[in-house]
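Data block below; observations after.
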Amino acid sequence: MHLFRSSSYDVRLEGAGGSLPRIQGIRWTPLLDSESSLDYGHSITQASSEKIWRAGKLLFAHLSTSRPGLIRDHKHHLRHHRQCCSGKDLVDWLLSAGVAVQTRGQAVGIGQVLVDGGVLTHVRQEWHFQDKETQFYRFAELEPSPEAGAGPRDPEELLEALGFLAQLVPPGAPLDPLDSLWTLWIHFGPCSGGSGVKRELAAVLMFEGHQRAGTVLFSQGDKATSWYIIWKGSVNVVTHGKGLVATLHEGDDFGQLALVNDAPRAATILLREDNCHFLRVDKQDFNRILKDVEANTVRLKEHGRVVLVLQKDLTGATLSPAVPGRYLVMAGTPEKILEHLLEFMRLDATLYDPVDTLLGDFLLTYTVFMPTSQLCRALLHHFRAEPLEGSERDKAAYSLRKRRKILRLVSQWVLLYGRLLQGDRSTTALLQNLADLASRDPQLGGLAQEQGQERRRPRPRTKVLPRRWGPSPSCGDTEGGFVPSPVPYEIFRADHSCLVSVLPVNASVRDVLRALAPRLGRDREHVLVKVNSAGDRAVLPQDAVGVFTALGLNERLFVATLDQLGSLTPHPEQLGPHVGSSDTLDLISSKDLAGHLTDHDWNLFKSIHQVEMIHYIVGPQKFHEVATANLARVMRRFNELQFWVATELCLCPELGRRAQLLRKFIKLAAHLKEQKNLNSFFAVMFGVSNTAVTRLARTWEVTERGQRRDRRGSWSEDGGPGARMGAHSE
Numbered sequence: 001m002h003l004f005r006s007s008s009y010d011v012r013l014e015g016a017g018g019s020l021p022r023i024q025g026i027r028w029t030p031l032l033d034s035e036s037s038l039d040y041g042h043s044i045t046q047a048s049s050e051k052i053w054r055a056g057k058l059l060f061a062h063l064s065t066s067r068p069g070l071i072r073d074h075k076h077h078l079r080h081h082r083q084c085c086s087g088k089d090l091v092d093w094l095l096s097a098g099v100a101v102q103t104r105g106q107a108v109g110i111g112q113v114l115v116d117g118g119v120l121t122h123v124r125q126e127w128h129f130q131d132k133e134t135q136f137y138r139f140a141e142l143e144p145s146p147e148a149g150a151g152p153r154d155p156e157e158l159l160e161a162l163g164f165l166a167q168l169v170p171p172g173a174p175l176d177p178l179d180s181l182w183t184l185w186i187h188f189g190p191c192s193g194g195s196g197v198k199r200e201l202a203a204v205l206m207f208e209g210h211q212r213a214g215t216v217l218f219s220q221g222d223k224a225t226s227w228y229i230i231w232k233g234s235v236n237v238v239t240h241g242k243g244l245v246a247t248l249h250e251g252d253d254f255g256q257l258a259l260v261n262d263a264p265r266a267a268t269i270l271l272r273e274d275n276c277h278f279l280r281v282d283k284q285d286f287n288r289i290l291k292d293v294e295a296n297t298v299r300l301k302e303h304g305r306v307v308l309v310l311q312k313d314l315t316g317a318t319l320s321p322a323v324p325g326r327y328l329v330m331a332g333t334p335e336k337i338l339e340h341l342l343e344f345m346r347l348d349a350t351l352y353d354p355v356d357t358l359l360g361d362f363l364l365t366y367t368v369f370m371p372t373s374q375l376c377r378a379l380l381h382h383f384r385a386e387p388l389e390g391s392e393r394d395k396a397a398y399s400l401r402k403r404r405k406i407l408r409l410v411s412q413w414v415l416l417y418g419r420l421l422q423g424d425r426s427t428t429a430l431l432q433n434l435a436d437l438a439s440r441d442p443q444l445g446g447l448a449q450e451q452g453q454e455r456r457r458p459r460p461r462t463k464v465l466p467r468r469w470g471p472s473p474s475c476g477d478t479e480g481g482f483v484p485s486p487v488p489y490e491i492f493r494a495d496h497s498c499l500v501s502v503l504p505v506n507a508s509v510r511d512v513l514r515a516l517a518p519r520l521g522r523d524r525e526h527v528l529v530k531v532n533s534a535g536d537r538a539v540l541p542q543d544a545v546g547v548f549t550a551l552g553l554n555e556r557l558f559v560a561t562l563d564q565l566g567s568l569t570p571h572p573e574q575l576g577p578h579v580g581s582s583d584t585l586d587l588i589s590s591k592d593l594a595g596h597l598t599d600h601d602w603n604l605f606k607s608i609h610q611v612e613m614i615h616y617i618v619g620p621q622k623f624h625e626v627a628t629a630n631l632a633r634v635m636r637r638f639n640e641l642q643f644w645v646a647t648e649l650c651l652c653p654e655l656g657r658r659a660q661l662l663r664k665f666i667k668l669a670a671h672l673k674e675q676k677n678l679n680s681f682f683a684v685m686f687g688v689s690n691t692a693v694t695r696l697a698r699t700w701e702v703t704e705r706g707q708r709r710d711r712r713g714s715w716s717e718d719g720g721p722g723a724r725m726g727a728h729s730e
């Protein structure tokens with residue numbers, strides 16, 4: 001539980017004897033003029049070092065008496081770590097010892113404070129406290145005193161120490177970057193070897209950051225010691241004699257070949273930009289995991305070249321006893337992957353089979369490694385191909401079975417992408433050719449007609465909402481896919497006059513400037529600039545696409561000549577409102593508002609196509625002309641709602657009205673959770689937990705205590721901002 005540092009507290013204890021007391025209630029008494037004079041810039045460097053050490057000593061004394069076996073020698077990856085405990089064990093002890101630590105996040109925050117204060121030290125001198133079994137920590141230079149040998153004499157003193165440490169945990173402290181690692185697994189070849197391999201890699205990954213562009217990560221000819229994954233930024237690959245040979249971006253990995261071959265580095269790696277972050281795996285751990293992967297890997301070679309890599313699915317027997325020994329496709333040439341799919345897919349395969357996911361995975365991701373035109377040519381070739389061996393009866397049966405699979409694959413493909421395939425000439429030609437070929441074969445004609453009816457099956461339409469609450473028309477709502485619809489682009493001049501042009505949502509900057517040229521004049525060169533509310537300007541490259549839907553909350557597009565760049569100022573709309581809308585909100589119940597928000601979010605979510613997420617994860621380096629407009633709209637919506645809540649609370653001038661509005665937002669969050677709309681629920685909670693709102697101490701004081709305590713108890717299981725809001729409200 002987070003305690004305000006500018007308030008005094010009266011802690012009432014319950015229990016006596018050897019059992020530790022717990023906090024039964026807190027009387028919250030803000031200091032005078034606290035709302036205007038709170039200082040939230042307090043950091044651990046400003047805290048008394050002596051108090052941190054005293055708190056750490058009390059914690060160590062109680063840990064030594066209550067769990068003497070927790071601090072012991074550990075062995076991990078052939079290394080001995082003496083007299084230490086794992087981060088996970090320490091967090092578990094804090095939660096189970098009854099010392100008023102309520103969530104794992106709070107326990108991790110206390111551990112981080114102890115690490116920053118030098119009380120805890122990582123065995124490898126790392127600075128992040130991690131809630132993991134494979135991360136070990138020691139209490140530095142602390143020994144249990146004779147007085148502490150029988151346990152802390154004053155339990156209230158221990159609670160005071162923990163309360164002090166909890167105060168030093170910054171609200172919304174950033175998580176270890178490795179906690180978000182799972183969003184990147186799709187990129188890495190060696191990491192795609194099943195959940196077991198992923199767990200092993202997660203246990204040995206190290207975080208490494210560099211601040212300056214031009215820094216040499218390693219040089220050509222150096223001894224290979226690590227494998228690197230780019231978490232943030234980009235690097236240049238330079239070799240002797242050839243110079244710059246490649247540029248690697250977020251999600252790319254390098255250094256693997258030298259580790260596998262035990263050879264020197266074949267190139268020099270230079271940072272291409274400032275503030276680059278990497279995930280690193282040491283050579284010893286890499287080789288150990290690689291051996292485990294190789295034991296379950298099958299490689300198919302043709303003409304001396306590996307064309308397909310399969311790996312045994314160790315979880316397949318558990319998930320589906322009907323398909324034991326199933327192999328997963330790890331890598332391969334596009335043609336061989338398609339051939340493997342046609343060989344092993346079932347005639348009744350579907351996109352969303354929970355066990356056999358090969359068909360769905362292929363159709364969702366084929367654009368990453370295979371252009372649509374190449375897929376169409378390959379499918380038509382397989383449909384027309386005849387087997388060369390076997391009896392006539394066997395060859396006919398094999399051909400019929402493969403053609404039925406191709407028709408099944410194409411029907412699921414069309415079912416998934418829908419209207420996205422209409423504008424592609426190669427797809428249209430393939431469908432026409434397959435229809436003609438199937439109509440000539442009486443054994444395939446009925447199947448083609450049946451699958452055509454399945455594709456034409458009507459789907460439930462989206463509920464139409466009033467314009468006020470409905471999806472923004474700026475992106476064009478599309479049913480069954482994100483067809484590049486024309487949308488209005490609002491572009492401002494240097495004098496803040498607005499130019500509106502209707503263009504495709506994935507229009508490039510070059511297309512936008514070309515459309516505006518008749519109104520701007522062709523005598524001078526113009527550029528498209530993104531300007532935020534702080535006045536920061538960024539000139540957009542000519543090849544950038546989908547720039548209108550990718551704008552931030554307080555960003556606008558400006559068109560200007562090169563000599564006008566320095567004079568561009570934010571539009572008045574970007575500076576935010578000056579008057580809140582609390583009067584309007586009084587007319588709407590929190591339940592009705594939650595219903596409108598849920599309908600709105602559902603419409604936005606249904607407009608996202610699954611492949612849009614693939615394009616977003618892989619990034620613009622691969623899909624230069626693809627705009628993930630609907631996905632960007634959903635993410636923008638979260639930020640809009642979050643800052644709208646904080647803005648409305650801060651713009652409400654009267655204390656009583658502000659407290660009433662705060663209660664309304666708390667009720668709104670409760671209704672959103674009941675409706676299982678966690679997207680808007682957490683957006684509202686982030687808004688209520690905004691620093692500007694948490695500083696309104698008198699507003700929180702006026703808010704009804706009973707309601708706040710009930711809300712906090714019901715949301716404590718969610719953790720994160722919900723639990724933190726409950727602590728702030730106290």
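Heads up, the sequence shown is in the UniProt record's numbering, so the first residue is 1 and it goes up one at a time.
Glycine included, every Cβ here is placed at the ideal spot set by N, Cα and C.
Note that the structure is predicted; figures quoted are calculated from it, not measured.
Using the C-alpha atoms, what's the distance from Ile406 back to Ala396?
-> Distance between the alpha carbons of Ala396 and Ile406: 15 Å.
Are there 16 or more other CB atoms within 10 angstroms of the CB of residue 738, so buried, or fewer, so exposed?
-> Shown here, the chain extends from 1 to 730; a query on residue 738 therefore has no answer.
Report yes if the CB atom of Phe129 is closer than 9 Å to the CB atom of Gly111, and no otherwise.
-> yes
Mind checking Asp274: buried by the 16 CB within 10 Å criterion, or exposed?
-> exposed
Test item: CB-CB of Ala683 and Arg637 under 9 Å = Yes, the Cβ-Cβ distance between Ala683 and Arg637 is below 9 Å.
Those residues which DSSP pairs with residue 778 across a bridge | An answer regarding residue 778 cannot be provided, because it is not within the stretch 1 to 730 covered by the chain.
On the DSSP bridge assignment, give the partners of Ser86 in chain order.
-> The partner list for Ser86 (beta bridge, DSSP) reads Phe136.
DSSP-derived helix/strand/coil call for Asn677 | DSSP places Asn677 in coil when its eight states are reduced to three.
Report the rounded CA-to-CA distance for Arg537 versus Gly214, giving the unit in angstroms.
-> 25 Å
Can you round the beta-carbon distance between Leu430 and Leu380 to whole angstroms, since I take them to be within the 8 Å contact cut?
-> 6 Å
Residue environment, Glu479, which counts as buried when at least 16 other CB atoms sit within 10 Å | Reliability fails at Glu479, whose pLDDT of 38 lies under 50, so the model's placement of it is uncertain and no value is given.
N- and C-terminal bounds of the alpha helix (DSSP H) containing Arg510 = 509-520
Pairwise C-alpha distance: Phe548 and Thr569 = When the Cα atoms are used, Thr569 and Phe548 turn out to be separated by approximately 19 Å.
Proximal residues to Gly576 (C-beta, below 8 Å), its chain only, five neighbours per side dropped = Scanning its chain for C-beta atoms nearer than 8 Å, with the 5 sequence neighbours on each side dropped, one finds around Gly576 the residues Ser533, Asn554, Thr647, in chain order.
Output the residue ranges of the beta strand (DSSP E) runs that lie fully inside the region 554-632 and measure 3 residues or longer, sorted by chain position.
-> 555-561
Below 8 Å, can you find three or more Cβ-Cβ pairs linking the region 642-660 to the region 690-697?
-> yes
Roughly how far, in whole angstroms, is the beta-carbon of Arg104 from the beta-carbon of Leu90, given that I think they are within contact range, below 8 Å?
-> 11 Å between Cβ atoms; not a contact.
Say whether chain C places a C-beta atom closer than 9 Å to the C-beta of Gln211.
-> Absent here is chain C; the protein component of the structure consists of one chain.
What do you get for Gly552, buried or exposed, if any count of 16 or more other CB atoms within 10 angstroms of its CB means buried?
-> exposed
Which residue or residues does DSSP assign as beta-bridge partners of Ala226?
-> Per the sequence presented here, residue 226 reads as Ser, with Ala not at that position. Bridge partners of Ser226: Asp282.
Quickly, what does DSSP pair Glu389 with across the bridge? List them, please.
-> Beta-bridge pairing links Glu389 to no other residue.
So is His609 buried or exposed if we call it buried at 16+ other beta carbons inside 10 Å?
-> By the 10 Å Cβ count, His609 comes out buried.
Option in Leu593, His578, Val368 with minimal Cα separation from Tyr616 = Val368
In chain order, what residues of the same chain lie with their CB nearer than 8 Å to the CB of Tyr398, ignoring the 5 residues before and after it?
-> Pro387, Gly390
Which of the three DSSP states, helix, strand or coil, is assigned to Ala538?
-> strand
Where does Trp53 fall in DSSP's three states?
-> helix
If we ignore side chains and look at the alpha-carbon of each, how far apart do Gly687 and Gly535 end up?
-> 24 Å
Nearest residue (CA-CA) to Glu701, options Asp73, Leu279, Arg663 = Arg663
Express the C-alpha separation of Val113 and Leu165 in angstroms, rounding to a whole number.
-> 7 Å
Among Leu655, Ile289, Phe605, Val626, which one has its Cα closest to the Cα of Ser582?
-> Leu655
Whether Gly619 touches Gly251 by CB criterion (9 Å) | yes
For Pro442, which option in Arg403, Leu513, Leu358 has the closest C-alpha, if you only look at C-alpha atoms?
-> The option with the nearest alpha carbon to Pro442 is Arg403.
Would Glu674 be called buried (16 or more neighbouring beta carbons within 10 Å of its own) or exposed?
-> The residue in question, Glu674, is exposed, as its Cβ has fewer than 16 Cβ neighbours within 10 Å.
Quick one: grab the DSSP three-state call for Thr703.
-> coil
N-terminal and C-terminal residue of the beta strand (DSSP E) that His381 is part of = From DSSP, His381 is part of no beta strand (DSSP E) but of the alpha helix (DSSP H) over 372-384.
Would you list the one or two residues that DSSP bridges to Tyr489?
-> Ser501
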